[in-house]
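Colleague: Reading the sequence shown from the start, the letters are residues 1300 to 1769 in the numbering used here.
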Amino acid sequence: MFVLGAISKKNYGALRRRIKLKAAMQVVTIGNRTDVPPREETREGNYFVSNYPPFSFWKPERVNEAVDALNRAPVRDTPLGVYVHIPFCRKRCHFCYFKVYTGKDSSEIESYLDAVRTELALYADKPVIGGRKPRFIYFGGGTPSYLSTKQLGGLVDEMKRLMPWNEAEEITFECEPGTLTEGKLEMLREIGVTRLSLGIESFDDGLLRSNGRAHVSKEIERAYTFARSVGFPQINIDLIAGMVGQTEENWRETVRRGVEIDPDSVTIYQMEVPFNTTISKEMRDQGLDVAPVADWQTKRAWADYGFSEYRKAGYTVTSAYTAVKDPAKAKFVYRNLLWAGADMLGLGVASFSHAGGTHYQNEHGWEGYIDRLGKGELPIYRALTPKPLERFVREFVLQMKLGNVERSYFLDKYAIDMNEQFATELGQLRDEGHLTFDDHGVRLSNQGILQVDRLLHRFFLPEHRNARYA
Ligand SMILES: C[S@@+](CC[C@H](N)C(=O)[O-])C[C@H]1O[C@@H](n2cnc3c(N)ncnc32)[C@H](O)[C@@H]1O
Ligand code: SF4
């Protein structure tokens, strides 16, 4: 039995046959030749490129590099941001790869929040802060909205005391719709949240249930209406193309509803199945090497459909995953600064940071994280200081996800001409129709941007190209 909700082994077989049949019907005509492109099945593994060099190169024996970086003054003109990881959820979604806990009681949550407060207090005195105030705060998860108003109030008061938010241009708060009440939403606005991000994923109750989501569509309507009435400057919704059991029809309906509710921005992810998900565990138990979700061509076609519907409604696509209603109003400061080399202090278990030129990650186990803070030490578990060429590659690959990359930015910042550095790779991708480039920079085509994550590994330095990513 494939236990993921309604997906039995029999249904799984039927789902795969339906997807294959549809794939076989998508033929490509080149001259007189009619080709069926090979399908790229969804297999276990990381697809999304979120950082560079790959996490597998960050090492415990290099933690001293992070300690040294924190004890130096900041690199001039580097913006600062704070990420807070709240690792609690009502249920673990079958596709989720984040560090989350579902059974923690209120005293355990309180100890965790104490540890986060201690962590920020330890940072507040470090030379790397150098008088800077955060330009963005990001509450991510897990589910930050799982916290009660009391827990949230205690955390935020102390955070603001230690590192005032009066220069923060954006405060993002991730929410699971079923955890929101009117009172909590009012409090979020009061503490200064400017960008509320709702994990909607789908409007189809059957699909939400069979993918292990805790919320139902009624809760989306209720939370969204409350959130609108409270008046956040930006409400973002997350949708996933290719959930287990998704059909073209229910994807189109999700997009229709997603446009109808009129969010300020939408994030459309294509379902990936990383190693630490419930789906991948089931696949291994059953000896399956293909995941029970649509293949990549189908997911790209669905994401393309989603973005084209938002474009028709007047939205502008601003990255591989996002469309915004008004680009002048709905900025994404966190993403833009992070992808341009900002420092970010990642608080919480397993959080990732970048400070003073060094990447590092916190302890990824509950006890390790809490115990080290209990002893008054920063809970840094592994680190890596990228060389200047690696920093250049990092920013280049991340900015490719925006759909265009400016040549002058890299000439000014790194004295590297990206057109020369990547002449071969850019030439190949141009010949394949994924992008164009000239003296000003690179522009990805629509097909290029829809599959950007699978195009990025070729820009990695040779020693990182075929290595495990995470
Ligand atoms: C931390 S969650 C957002 C807040 C809250 N935990 C929730 O899920 O409602 C971040 C987002 O990552 C996306 N996501 C999680 N696992 C994914 C996967 N395997 N493939 C694609 N997107 C995924 C979902 O869209 C989810 O909303
Ligand atoms: S997708 Fe969100 S709600 Fe689901 S387990 Fe992951 S972090 Fe929690």
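All residues carry an ideal CB built from backbone N, CA and C; glycine is no exception.
Judging by CA-CA distance, which residue of SER1355, ARG1338, PRO1337 and MET1699 is the nearest neighbour of ASN1345?
Modeller: SER1355
Colleague: Bridge partners of ARG1681, per DSSP?
Modeller: GLN1660
Colleague: Please state the DSSP three-state secondary structure of LEU1320.
Modeller: Below a pLDDT of 50, predicted positions are generally treated as unreliable, and LEU1320, at 39, falls in that range; the measurement from the model is reported next regardless. In this structure, LEU1320 counts as helix in the three-state DSSP scheme.
Colleague: According to DSSP, simplified to helix, strand and coil, what is ASN1535?
Modeller: strand
Colleague: When the Cα of TYR1411 is compared with those of GLN1450, ARG1434, TYR1382 and THR1377, which residue comes out closest?
Modeller: GLN1450
Colleague: Name, in chain order, the residues that DSSP records as bridge partners for LEU1379.
Modeller: ASP1642
Colleague: Can you tell me whether DSSP reads LYS1425 as helix, strand or coil?
Modeller: LYS1425 falls in the coil class under three-state DSSP.
Colleague: Assuming ILE1385 contacts PHE1438 under a Cβ cut-off of 8 Å, what Cβ separation, rounded to an integer in Å, is found between them?
Modeller: Right, their Cβ atoms sit about 6 Å apart.
Colleague: So, at 7 Å on beta carbons, what are the nonlocal neighbours of VAL1348 in its own chain, with the 5 sequence-adjacent residues on each side left out?
Modeller: VAL1696, ASP1752 and LEU1755
Colleague: Can you tell me which of MET1643, TYR1382, TYR1400 and TYR1396 puts its alpha carbon nearest to the alpha carbon of LYS1390?
Modeller: TYR1400
Colleague: Taking the alpha carbon of LYS1624 as the reference point, which residue from LYS1611, ARG1681, ARG1634 and VAL1383 has its own alpha carbon closest?
Modeller: Taking only the C-alpha atoms, the option nearest LYS1624 is LYS1611.
Colleague: Please classify ASN1549: does DSSP put it in a helix, a strand, or coil?
Modeller: helix
Colleague: Under 8 Å, with one C-beta from each stretch per pair, do the segment 1585 to 1598 and the segment 1486 to 1495 reach the 3-pair mark?
Modeller: no
Colleague: Could you compute how far the alpha carbon of ASN1465 sits from the alpha carbon of PRO1626?
Modeller: 23 Å
Colleague: Is the closest heavy atom of ligand 1 to the C-beta of VAL1565 under 7 Å?
Modeller: When distances are taken from the beta-carbon of VAL1565 to the heavy atoms of ligand 1, even the shortest one reaches 7 Å or more.
Colleague: Are the CB atoms of GLN1569 and ARG1599 nearer to each other than 8 Å?
Modeller: yes
Colleague: Considering only residues of the same chain and omitting the five flanking positions on each side of SER1652, which have a CB-CB separation below 7 Å?
Modeller: MET1643, LEU1644, GLY1645 and TYR1659
Colleague: Would you grab the beta carbon distance between PRO1359 and ARG1681 for me? Rounded to a whole angstrom, and I think it's under 8 Å.
Modeller: 5 Å
Colleague: Which one of PHE1709, ARG1338, SER1447 and SER1579 has the shortest CA to CA distance from PHE1387?
Modeller: SER1447
Colleague: Using CA coordinates, which residue listed in TYR1614, ARG1551, GLU1457 and ILE1536 is at the minimum distance from GLU1475?
Modeller: ILE1536
Colleague: Is ASN1703 helix, strand or coil by DSSP?
Modeller: Strand, per DSSP.
Colleague: ARG1338 and GLN1596: beta carbons closer than 8 Å?
Modeller: The answer is yes: Cβ separation under 8 Å.
Colleague: Contact check, SER1509 vs THR1553 under 8 Å by CB: the rounded distance?
Modeller: About 14 Å; that fails the 8 Å criterion.
Colleague: Where do the N-terminal and C-terminal ends of the alpha helix (DSSP H) with ILE1490 fall, by residue?
Modeller: 1481 to 1490
Colleague: So, do the segment 1685 to 1699 and the segment 1361 to 1373 have three or more beta carbon pairs nearer to each other than 8 Å?
Modeller: no
Colleague: Exposed or buried, ASP1738, counting other C-beta atoms within 10 Å across all chains shown (16 or more means buried)?
Modeller: exposed
Colleague: Can you tell me whether ALA1414 is buried or exposed, with buried defined as 16 or more other CB within 10 angstroms of its CB?
Modeller: buried
Colleague: Within the structure, which residues are defined as neighbours of ligand 2 by a Cβ-heavy atom distance below 6 Å, reported in chain order?
Modeller: Ordered along the chain, residues surrounding ligand 2 are CYS1388, ARG1391, CYS1392, CYS1395, PHE1397, VAL1399, GLY1440, GLY1441, THR1442, GLU1475 and GLY1498 [Cβ under 6 Å from any heavy atom].
Colleague: Give me the residue from SER1406, LYS1628, TRP1601 and ARG1764 with the minimum Cα distance to GLN1746.
Modeller: With distances taken between Cα atoms, GLN1746 lies closest to TRP1601.
Colleague: Spatial neighbours of ARG1342 within its chain, please: C-beta separation below 8 Å, excluding the five flanking residues on both sides.
Modeller: VAL1572, ASP1588, VAL1589 and ALA1590
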